[in-house]
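Visitor: Following the numbering used here, the numbering of the sequence shown begins with 1079 at its first residue and continues without gaps.
Idealized CB from N, CA, C, for every residue including glycine.
There's a structure below that I have some questions on.
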Amino acid sequence: MKQFGFLGLGIMGTAMARNLLQAGYPVTLWNRTPGKSGELEQLGATLAPTPAAVMARCDITFAMLADPAAAREVCFGDDGVLAATTTRKGYVDFSTVDAATSQDISAALTARGGRYLEAPVSGSKKPAEEGSLIILAAGDRSLFDEALPCLEKLGKKILHLGAVGNGARMKIVVNMIMGGMLAAFCEGLALGEKGELNLADILDILDAGALANPLFRLKGAGILADSYSTAFPLKHMQKDLRLALDLGDRLAQPLPCTAAVNELFKGARRAGLGEEDFSALFKTLR
Ligand code: NAP
């Protein structure tokens, strides 16, 4: 039976690994900080001491890590994925990173005969739990085909976007738009509150017209309840805006709105809100 690995048991990784286990796949886990796998072990997961040990044991290893630095460390670091990459081994990285990070990992793995797929996801904690993510894969087609039954347990829409880098860029564009939407939403609510409007009325009116969308509905309910339990950490939203601005720099594409939005999120991080949900941006604007 094919063996599967999962590296990175944060908000998203834990939910995704759980879905693989519940679908009956044998999964070997690793997380940098120990002690996060108890529930998954009860579902039948086994633990390995390093990313290399997972890779050595598994045919296909998945990863869901914080950012480009984490993705590089887990691949290139001591006892990293690369150390155990041999012919035909598959590595599928769901982390949101820049195209260059993804391409560097791809080049290193394929030089050793391995296969690589970038597969950043759109959708947050709840879609991860429900297996309804949108998966933006790109890279090795044979690995995509082999991993597809697993990906179908994680996502409701699974795309193959061509060469490595396209998935990373697509994800950055999507999240840049989401960050801008959330910032405009929070500013509008803050202005409404100052102007003595009822926040529930604003949400109701938005939801009745052309601006109705699941993001405003979900985050609006949290803001109204003054509850910011973390689905998508604010620090990761700011990281994605940073990646978008970097891509804009490289391509000489002006991104004035995104630059301003990034400053808002940077300020929120400095205010100590990095670990809270990205909707906590509202706290800095009201
Ligand atoms: P998270 O809860 O912060 O988890 C991050 C994971 O990365 C943890 O397992 C963490 O390990 C690991 N990590 C961080 N730095 C590391 C390093 N240097 N070496 C090894 N492991 C490291 O984040 P998340 O919300 O699950 O998000 C994961 C990725 O998915 C991010 O790229 C994020 O942008 C993206 N994403 C998130 C969402 C969302 O709604 N949450 C949605 C779509 C995409 P420790 O436990 O040791 O800290």
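#1: Expressed to the nearest angstrom, what Euclidean distance is found between the alpha-carbon atoms of Leu1291 and Arg1135?
#2: Determine the DSSP secondary structure at Val1159, reduced to helix, strand or coil.
#3: Provide the residue(s) that pair with Leu1211 in DSSP beta bridges, ordered along the chain.
#4: What are the residues that DSSP puts in a beta bridge with Ser1200?
#5: Do you know offhand how far Ile1089's Cα is from Ala1268's?
#6: By the 10 Å Cβ neighbour count, where 16 or more other Cβ atoms means buried, how is Pro1112 classified, buried or exposed?
#7: DSSP three-state label for Val1170, please.
#8: Should Met1259 be listed as close to the ligand NAP, given that the test is whether its C-beta is under 7 Å from any heavy atom?
#9: Verify whether the separation of the beta carbon atoms of Ile1213 and Gly1240 is less than 8 Å.
#10: How close, in whole Å, do the beta carbons of Ala1197 and Val1170 come, if the pair is a contact with beta carbons under 8 Å?
#11: Within 10 angstroms of the Cβ of Leu1121, are there 16 or more other Cβ atoms? Answer buried if so, exposed if not.
#12: Is Pro1104 a contact residue of the ligand NAP, with contact defined as CB to any heavy atom under 7 Å?
#13: Is Ala1141 helix, strand or coil by DSSP?
#14: Let's test the definition: count the other Cβ atoms within 10 Å of the Cβ of Glu1354 and tell me whether it reaches 16, buried, or not, exposed.
#15: Is the beta carbon of Leu1333 closer than 8 Å to that of Ala1346?
#16: Give me the DSSP bridge partner(s) of Thr1106.
#17: On a Cα-Cα basis, can you pick out the residue from Gly1217, Ser1202, Thr1164 and His1238 that is closest to Asp1182?
#18: So is Gly1091 in contact with chain D if we call contact Cβ pairs under 8 Å?
#19: Is it true that the CB of Thr1165 sits closer than 8 Å to the CB of Leu1187?
#20: Considering only the alpha carbon of each residue, which of Pro1205, Cys1153, Ser1200 and Lys1231 lies closest to Ser1184?
#21: Can you say whether Asp1304 is buried or exposed, counting buried as having 16 or more other CB atoms within 10 angstroms of its CB?
#22: Just to check my reading of the structure: Gly1068 and Ser1173 have Cβ atoms closer than 8 Å, yes? What is that Cβ distance to the nearest angstrom?
#23: Taking 8 Å as the cut-off, does the segment 1131–1146 touch the segment 1270–1279 (at least 3 CB pairs, one atom from each stretch)?
#24: Between Asp1157 and the rest of its own chain, which residues show a CB-CB distance below 6 Å, the 5 nearest in sequence each way excluded?
#25: Just the Cα atoms here: how many angstroms apart are Gly1091 and Leu1085?
#26: Please name the residue, chosen from Ser1357, Asp1327, Ala1147 and Val1132, that lies closest to Ala1161 on a Cα-to-Cα basis.
Guide: Let me lay it out:
#1: In the sequence shown, counting from the first residue as 1, residue 1291 sits at position 213. In the sequence shown, counting from the first residue as 1, residue 1135 sits at position 57. Looking at the sequence itself, residue 1291 is Asn, so the reference to Leu does not match. If I take the Cα positions, the gap works out to 43 Å.
#2: Position 81 of the sequence shown, counted from the first residue, corresponds to residue 1159. Reduced to three states, the DSSP call for Val1159 is helix.
#3: Looking up residue 1211 in the sequence shown gives position 133. DSSP lists Gly1233 as partners of Leu1211.
#4: The sequence position of residue 1200 within the sequence shown is 122, counting from 1. Note: Ser1200 sits in a beta bridge opposite Ile1212.
#5: Taking the sequence shown and counting its residues from 1, one reaches residue 1089 at position 11. Taking the sequence shown and counting its residues from 1, one reaches residue 1268 at position 190. Computed Cα separation, rounded: 29 Å.
#6: Here the question's residue 1112 lines up with position 34 in the sequence shown. Classification of Pro1112: exposed, given that the 10 Å Cβ count is below 16.
#7: If you number the sequence shown from 1, residue 1170 lands on position 92. When secondary structure is reduced to three states using DSSP, Val1170 falls in the strand class.
#8: Along the sequence shown, read from residue 1 onward, the residue named residue 1259 stands at position 181. It does not: the Cβ of Met1259 is nowhere closer than 7 Å to a heavy atom of the ligand NAP.
#9: Here the question's residue 1213 lines up with position 135 in the sequence shown. Here the question's residue 1240 lines up with position 162 in the sequence shown. In this structure, Gly1240 does not lie closer than 8 Å to Ile1213 by Cβ.
#10: As a position in the sequence shown, residue 1197 is number 119, starting the count at 1. As a position in the sequence shown, residue 1170 is number 92, starting the count at 1. The pair is a contact, with the Cβ atoms about 5 Å apart (cut-off 8 Å).
#11: Here residue 1121 refers to the residue found at position 43 when the sequence shown is read from its first residue. With fewer than 16 Cβ atoms within 10 Å of its Cβ, Leu1121 is classed as exposed.
#12: For this step, residue 1104 is matched to residue 26 along the sequence shown. No, since every heavy atom of the ligand NAP falls outside the 7 Å radius drawn around the Cβ of Pro1104.
#13: Residue numbering aside, residue 1141 sits at position 63 when the sequence shown is read from its first letter. In the structure shown, Ala1141 sits in a strand (DSSP, three-state: E or B).
#14: On the sequence shown, residue 1354 is found 276 positions in, with the first residue counted as 1. Counting Cβ neighbours within 10 Å, Glu1354 comes out buried, since at least 16 surround it.
#15: Taking the sequence shown and counting its residues from 1, one reaches residue 1346 at position 268. Taking the sequence shown and counting its residues from 1, one reaches residue 1333 at position 255. No; because the gap between Cβ atoms is not below 8 Å, this pair is not in contact.
#16: Position 28 of the sequence shown, counting from 1, holds the residue named residue 1106. DSSP output for Thr1106 lists Gly1083 and Thr1124 as bridge partner(s).
#17: Taking the sequence shown and counting its residues from 1, one reaches residue 1182 at position 104. Ranking the options by Cα distance to Asp1182, first place goes to Gly1217.
#18: The chain inventory of the structure shown lacks chain D, comprising one protein chain alone.
#19: Reading the sequence shown from its first residue, position 109 is the one you call residue 1187. Reading the sequence shown from its first residue, position 87 is the one you call residue 1165. No, the pair does not count as a contact, with Cβ atoms beyond the cut-off.
#20: Taking the sequence shown and counting its residues from 1, the one referred to as residue 1184 is at position 106. Comparing Cα positions, the closest option is Cys1153.
#21: Counting from one through the sequence shown, the residue named residue 1304 turns up at place 226. Exposed is the call here.
#22: Absent from the model: residue 1068. The displayed extent of the chain is 1079 to 1364, so no value can be given.
#23: no
#24: Taking the first residue of the sequence shown as position 1, residue 1157 is located at position 79. Within its own chain, the residues whose Cβ lies closer than 6 Å to the Cβ of Asp1157, once the five positions on either side in sequence are excluded, are Thr1128 and Ala1130, listed in chain order.
#25: On the sequence shown, residue 1091 is found 13 positions in, with the first residue counted as 1. On the sequence shown, residue 1085 is found 7 positions in, with the first residue counted as 1. Cα to Cα, the separation comes out at about 8 Å.
#26: If you number the sequence shown from 1, residue 1161 lands on position 83. Closest by alpha carbon: Val1132.
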